[in-house]
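Numbering (the numbering used here), first residue to last: 654 to 1296.
Below is the structure:
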């Protein structure tokens, strides 16, 4: 249930701007021609400076000393036996003594400068005797030293904290040979996706599996941050692909650098990078992941520097300058973006002992609690300058989705102590059920979108996560409505399965309507694509965990076969542009969330419940598992929300 932003607008599907070496074919040759000239110029300037300083340094003894008008200096009296006159507790040292000491100091300084310059001249002569390659190697060595020093400075040790009780991180082998075979098929698909990324896109954010090269979008800025590596780590770990996991860890340790001049999505970087790094840390215990997560979190904090404390959608990792998406309702921030930080930021405060992260997200919650909500619904847009809602558009799909998810999961992650979050979730779900959830003429339960006072009878693929959310939140519901919400989750799962089943490829469209005779079918051409999304499979997995109804495994296997048949290419996996076409064209993008979410949820669907049990783990909106923080272990129990 990842991105809340409208993908064509937020940039996940925008082609990357190619500014590689081919765009500047003469650049490298020009650099080679000029390097030697620049180096010689620098050395000659240095030698000139040295000779000039040596021969033309003024002899300051010939000049009058700079005089502050204090012929005699008062010094507090310590010992009168050192010479000088005792005057009321102070010693008066004469001017002659000072001038003699001053001349000695100047002579010592001149000798030091002369020696330093002679040493510098000898070094310069030695440099000139070396070849260009030797000089370049020395320069690179010095650069590497500086980089390592900076890394050491950034990698200051974090305070030790007790790890929560980590249960079920390497189990889940099913006894049924048929289920085991299906699970192994999912593992093979993960290996195919990873190996091709490793070969053709290593270090890039994502992969173009047909063009066989790296891919990126504006949510990651203009830097190669290895999004697929970070996103895939925990999936590799729970599948037992430990060699691949170590490859990813090594790349992160040596190459993942956040001090880049790059503007990134705060939301996407939080759920994919911070979430992925924290999950990898908890699963493996490797400190490098925790250190990198904390370094990155520090780079996101300037996004909160707004008049209200509601963060900007984007922030430059180097300058700290933030801004919002140009298309978002008069410069507004988006509910599902600023409302999907809580899980990761609470864990950051837990691991560092620094309350700044926790305070940032609790401030957002307090502000939202004070605001009026039309019909009890949260609009998708909030202006970070004025603190007022933007246009009254409410959705449980894109722009709103994971805000509601994180209210529920804040409660679960706190070992059900954060009752404030649970109340906000219950209030929101009651309003959603009253105003947004309807049954179609054909009997399909769907969740529409509230726009300017009326209900749009359309549901997005992103909204399909809600079936799993309703099931996850059933236990603990008000008025003994656990059975009702489990049933509601089952109805949403059925509707979303129909959206898959009514296509040619048996893969679901991006959005589908419930108008007139059209039900669970995409109408517009720009809503017929499938980009390897996980939300429907996610709901199948939650429904399987809570009901063990075999139909959910069957539906998941149908989706697995369809993905393998229609999305698999020799260079990885690609989205398709029309799920109603028997010969679809590819979008040529292997999304990082395909490895983080889609394949992980399929693997868990065909695993036993003792792999990442839901009593001990809570999954962030990018399917990165974070452990429940039991009250005895947390440093946050002093906050009223945790009492």
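In this text, a Cβ means the ideal position worked out from N, Cα and C, and glycines have one as well.
Note that the coordinates shown come from a computational prediction; the quantities given were computed from them, not determined experimentally.
To the nearest whole angstrom, what separates the beta carbons of residue i and residue j, a pair I think is in contact under 8 Å?
i, j, result
"residue 1047", "residue 1040", "With a Cβ gap of about 18 Å, residue 1047 and residue 1040 do not count as contacting."
"residue 892", "residue 843", "6 Å"
"residue 1274", "residue 993", "6 Å"
"residue 1281", "residue 1015", "About 19 Å separates the two Cβ atoms, so there is no contact after all."
"residue 1050", "residue 970", "With 8 Å as the limit, residue 1050 and residue 970 do not qualify as a contact, their Cβ atoms being about 29 Å apart."
"residue 1159", "residue 1233", "The Cβ separation is near 11 Å, so there is no contact."
"residue 1346", "residue 1069", "Given that the chain is displayed from residue 654 to residue 1296, the structure contains no residue 1346 and the question cannot be resolved."
State the DSSP-derived secondary structure class of residue i, mapped to helix, strand or coil.
i, result
"residue 826", "coil"
"residue 715", "Residue placement at residue 715 is poorly supported in this model, since its pLDDT is 37, which falls under 50; the coordinates still yield a value, given next. The answer is helix: DSSP assigns residue 715 an H, G or I state."
"residue 1049", "coil"
"residue 963", "coil"
"residue 1112", "strand"
"residue 1270", "strand"
"residue 815", "coil"
"residue 1055", "helix"
"residue 684", "Confidence at residue 684 is low in this model, with a pLDDT of 38, below 50, so its placement is unreliable and no value can be given for it."
"residue 1027", "helix"
"residue 737", "Its pLDDT being 40, under 50, residue 737 is placed unreliably by the model, and the measurement read from it follows with that caveat. Coil."
"residue 1034", "strand"
"residue 638", "What is shown of the chain runs 654 to 1296, which leaves residue 638 out entirely."
"residue 1233", "coil"
"residue 1099", "strand"
"residue 810", "coil"
"residue 1091", "strand"
"residue 1244", "coil"
"residue 947", "helix"
"residue 1264", "coil"
"residue 1203", "helix"
"residue 918", "strand"
"residue 1278", "strand"
"residue 1283", "coil"
"residue 782", "helix"
"residue 656", "Confidence at residue 656 is low in this model, with a pLDDT of 45, below 50, so its placement is unreliable and the value that follows should be read with caution. It is coil, neither helix nor strand."
Tell whether a beta-carbon distance below 8 Å holds between residue i and residue j.
i, j, result
"residue 925", "residue 989", "no"
"residue 1206", "residue 1123", "no"
"residue 1126", "residue 1183", "no"
"residue 811", "residue 917", "no"
"residue 636", "residue 1264", "There is no way to answer for residue 636, as the model of the chain reaches only from 654 to 1296."
"residue 1156", "residue 1098", "no"
"residue 896", "residue 932", "no"
"residue 944", "residue 997", "no"
"residue 1226", "residue 1247", "yes"
"residue 1198", "residue 1267", "yes"
"residue 935", "residue 1252", "no"
"residue 940", "residue 1244", "no"
"residue 1020", "residue 961", "yes"
"residue 986", "residue 1037", "yes"
"residue 1163", "residue 1175", "yes"
Quick check: the Cα distance between residue i and residue j, rounded to an integer number of angstroms?
i, j, result
"residue 837", "residue 1144", "29 Å"
"residue 856", "residue 1025", "45 Å"
"residue 1102", "residue 1241", "30 Å"
"residue 1031", "residue 1060", "13 Å"
"residue 1009", "residue 954", "9 Å"
"residue 909", "residue 882", "10 Å"
"residue 873", "residue 919", "9 Å"
"residue 1027", "residue 1089", "13 Å"
"residue 1277", "residue 952", "21 Å"
"residue 1173", "residue 1166", "6 Å"
"residue 823", "residue 1270", "13 Å"
"residue 991", "residue 1074", "15 Å"
"residue 1142", "residue 795", "60 Å"
"residue 1111", "residue 1100", "8 Å"
"residue 1081", "residue 1033", "13 Å"
"residue 1085", "residue 964", "25 Å"
"residue 912", "residue 949", "9 Å"
"residue 773", "residue 756", "26 Å"
"residue 1079", "residue 854", "43 Å"
"residue 1133", "residue 1023", "28 Å"
"residue 1283", "residue 1062", "14 Å"
"residue 1109", "residue 1083", "19 Å"
"residue 850", "residue 862", "8 Å"
Using 8 Å as the limit for Cβ to Cβ distance, is residue i near chain B?
i, result
"residue 870", "As a matter of chain content, chain B is missing from the structure shown, which is built from one protein chain."
3-residue-minimum beta strand (DSSP E) runs that sit fully inside the segment 1162-1195, ordered along the chain: 1164-1168 and 1171-1174
Whole runs of the beta strand (DSSP E) within the segment 833-915, excluding any shorter than 3 residues: 859-861 and 866-868
Every unbroken alpha helix (DSSP H) inside the segment 1118-1157 [4 residues or more]: 1119-1125 and 1135-1154
Continuous beta strand (DSSP E) assignments of at least 3 residues falling wholly in the segment 963-987: 967-969
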